[in-house]
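A.B. asks:
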Ligand code: M6R
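Residue numbers (the working numbering): 1 to 618.
(1) Would you say the beta carbon of residue 611 comes nearer than 8 angstroms to a heavy atom of the ligand M6R?
(2) Can you list, in chain order, the residues of its chain with a C-beta nearer than 7 angstroms to that of residue 248? Leave out the 5 residues immediately preceding and following it.
(3) Using only CA atoms, which one of 43, 53, 69 lies nearest to residue 27?
(4) For residue 173, which three-state DSSP category applies?
(5) Kindly indicate which residue of 316, 300, 321 has the alpha-carbon position closest to the one of residue 339.
(6) Please report the distance separating the alpha-carbon of residue 116 from that of residue 93.
(7) Where do the N-terminal and C-terminal ends of the alpha helix (DSSP H) with residue 208 fall, by residue?
(8) Can at least three beta-carbon pairs, one atom from the segment 305-312 and one from the segment 436-444, be found at a separation below 8 angstroms?
(9) Considering only heavy atoms of the ligand M6R and the C-beta of each residue, which residues fall inside 5 angstroms, strictly closer?
(10) Going by beta-carbon coordinates alone, are residue 463 and residue 587 separated by less than 9 angstroms?
(11) Just checking my contact of residue 293 with residue 427 at CB under 8 angstroms: how many whole Å lie between their CB atoms?
(12) Using the Cβ count rule (16 or more neighbours within 10 Å means buried), how would you classify residue 512?
(13) In chain order, what residues of the same chain lie with their CB nearer than 6 angstroms to the CB of residue 156, ignoring the 5 residues before and after it?
(14) Under the rule that 16 or more other beta-carbon atoms within 10 Å means buried, what is residue 606, buried or exposed?
(15) Taking the DSSP output, what are the residues bridged to residue 226?
(16) Which residue comes first and which comes last in the alpha helix (DSSP H) that contains residue 15?
(17) Go ahead and label residue 65 buried or exposed: buried means 16 or more other beta carbons lie within 10 angstroms of its beta carbon, across all protein chains shown.
(18) Which same chain residues end up closer than 6 angstroms to residue 596 when comparing Cβ atoms and leaving out the 5 residues on each side of it in sequence?
(19) Could you spell out where the alpha helix (DSSP H) holding residue 322 opens and where it closes?
(20) Grab the span of the beta strand (DSSP E) containing residue 347 for me, first residue to last.
(21) Along the chain, which unbroken stretches of the alpha helix (DSSP H) at least 4 residues long are found entirely within the segment 387-439?
(22) Throw me the rounded Cβ distance for the residue 5 and residue 193 pair, which I believe falls under 8 angstroms.
(23) Have a look at residue 527 and residue 278 and give me their C-alpha separation to the nearest angstrom.
(24) Tell me which same chain residues have a C-beta within less than 7 angstroms of the C-beta of residue 50, skipping the five on either side of it?
(25) By Cβ distance below 6 angstroms, which residues in the same chain neighbour residue 320 in space, the five residues on each side in sequence not counted?
(26) Are there 16 or more other CB atoms within 10 angstroms of the CB of residue 633, so buried, or fewer, so exposed?
(27) From residue 452 to residue 223, what distance separates their C-alpha atoms?
(28) So, using beta-carbon positions, are residue 454 and residue 272 closer together than 9 angstroms?
(29) Three or more C-beta pairs closer than 8 angstroms, one from the segment 258-268 and one from the segment 374-386: is that the case here?
(30) Hey, out of 139, 517, 182, whose CA is closest to residue 118's CA?
(31) I'd like the ranges of any beta strand (DSSP E) spanning at least 3 consecutive residues and lying wholly in the segment 450-505.
(32) Does the separation of the CB atoms of residue 482 and residue 318 fall below 9 angstroms?
(33) Which residues does DSSP pair with residue 571 in a beta bridge?
(34) To which residues of the same chain is residue 244 closer than 7 angstroms at the C-beta, ignoring the five residues directly before and after it?
(35) Report the three-state DSSP secondary structure of residue 9 (helix, strand or coil).
(36) Entirely within the segment 66-121 and at least 4 residues each: give me those alpha helix (DSSP H) ranges in chain order.
Right under this line is the structure:
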């Protein structure tokens with residue numbers, strides 16, 4: 001995930017602080033680095049390039065630069081490959097404004113085609129457009145703060161911005177919408193950064209900015225404005241700003257995980273942000289439409305992936321069939337060769353891999369390609385091997401995932417796949433515009449729903465983890481329809497993180513074999529999705545054999561659950577009748593449960609035994 005930092009102070013060593021801050025942002029993952037500084041003789045210097053901080057620093061002589069106001073960036077590619085050109089900061093045509101950005105500008109395509117007419121665009125990024133938009137407003141005679149406000153009104157999506165302007169060398173401008181941004185205050189000046197670690201070497205006095213806030217800092221002053229929905233803005237009074245200063249006492253190690261004890265829990269809690277970035281990144285991306293056309297006009301559709309990515313693919317098969325009546329064939333990547341002889345020209349393969357480097361998935365893609373199939377990739381990593389192999393790529397933009405367990409990348413994959421399914425339905429004409437708008441508006445809110453779901457699930461998962469502390473046996477996680485596919489991912493999390501044997505299968509299969517294993521107090525979790533109220537019968541048959549059954553259901557789902565001391569119900573948040581939201585309300589409980597069981601047993605949830613984050617071997 002991109003990291004930004006900016007600083008203005010009385011002395012000329014801002015660049016030193018910015019470089020120190022960038023080093024603290026490295027843990028977020030990045031592929032390029034850059035800084036911009038206004039020198040004391042009034043020049044705006046930008047140096048940036050692909051590579052890690054140490055190499056770019058040496059190659060471009062970043063340590064030589066001096067000035068009072070500077071910004072810096074670690075980029076994790078979302079629009080355009082990780083190249084020198086696409087690295088931040090980005091500037092306007094006259095090289096007077098330099099911008100660094102974390103987030104995704106959703107209306108990127110329309111802004112770009114508008115700006116292309118009068119501006120020299122030098123990168124493929126959404127960020128560069130912001131510098132040119134401000135430039136336009138300045139050309140119209142506005143002062144900088146008004147030009148910034150007008151620009152922000154035109155941006156849809158998420159952003160944390162730090163901006164410097166050659167003609168105002170002591171000011172550092174900033175703005176925040178849906179991406180984190182923090183202000184740091186110290187005697188000699190002020191700073192902004194996308195997270196606390198970047199500021200710890202400079203100050204511990206912080207202000208957490210809120211969505212819609214923008215403004216500037218200068219030595220001796222902070223000005224914060226707030227955009228209001230009607231399009232105007234007002235200035236926040238100084239006393240209110242001062243009252244918001246908080247002092248943090250984090251150690252640098254704790255800070256690198258954003259205050260969380262492990263990356264896994266941090267990433268579980270990052271899901272609302274990740275979903276918002278996935279949605280914003282895809283909704284107006286022309287590639288989504290292009291992919292939907294390829295799906296619509298293909299002979300057969302196959303979805304291929306490994307582990308969690310395969311589970312996300314199963315959810316795609318479900319919604320393609322349910323929403324638009326199209327059958328999609330799911331294949332586990334390592335099983336590709338058994339299907340290979342049947343693949344031919346006209347087939348379309350949707351390959352899912354968060355890393356884009358999974359050996360089995362790449363092998364499958366290469367062999368299907370040889371047989372004439374077209375490939376669409378869904379990945380989190382721009383420029384990955386899968387990205388390069390594919391005819392077309394969709395990016396999930398979940399930000400880097402450091403914990404071995406896929407958490408936020410799974411929910412981002414699911415959201416992207418649901419958007420793709422509904423877009424395909426519209427292309428095929430089986431979903432009309434009204435229905436399309438309704439589903440897409442619902443999916444926009446997935447970020448809010450998952451936020452609530454995490455909050456509701458966390459204490460319950462913690463409690464359940466305590467109950468299971470001494471348990472070493474197996475457990476079942478059952479569902480029907482959509483619930484079964486969610487259960488597959490839930491069971492994988494329990495296995496790989498808690499080291500308990502968890503099996504997921506369609507609940508209706510119990511009587512065909514697996515129920516033989518059930519005896520007194522055998523744990524069974526039931527994922528009761530709205531498509532399968534009959535699953536209550538499966539809960540009863542398990543309880544009748546002595547199992548301890550927990551039925552998880554959304555708050556608004558009405559089920560006739562009998563009074564039985566062996567059956568408990570866990571009410572999660574309501575989906576307000578929207579089945580497309582159900583994956584986002586059920587999975588956090590199991591991510592958290594697996595995490596809390598692991599922690600209670602003293603296992604490291606970030607590095608489970610025998611597993612690697614990216615599996616590059618057969
Ligand atoms: O990078 P990919 O999405 O291709 O990875 C696929 C699997 O290796 C991965 O999902 C794995 O199952 C994770 N450990 C699940 O948490």
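Ideal Cβ positions, reconstructed from N, Cα and C, are used throughout, including at glycine.
C.D. replies: In brief:
(1) yes
(2) 196, 204, 206
(3) 53
(4) strand
(5) 300
(6) 11 angstroms
(7) Unbroken run through residue 208 is the beta strand (DSSP E), 205-208; no alpha helix (DSSP H).
(8) no
(9) 306, 307, 308, 309, 353, 354, 355, 358, 405, 406, 615
(10) no
(11) 6 angstroms
(12) exposed
(13) 106, 107
(14) buried
(15) 213, 234
(16) 14-25
(17) buried
(18) 461, 462, 465
(19) 307-324
(20) 347-353
(21) 408-428
(22) 4 angstroms
(23) 25 angstroms
(24) 31, 32, 82, 83, 84, 87
(25) 326, 328, 421
(26) Any question about residue 633 goes unanswered here, given that the chain covers just 1 to 618.
(27) 33 angstroms
(28) yes
(29) no
(30) 139
(31) 474-479
(32) yes
(33) 553
(34) 207
(35) strand
(36) 108-115
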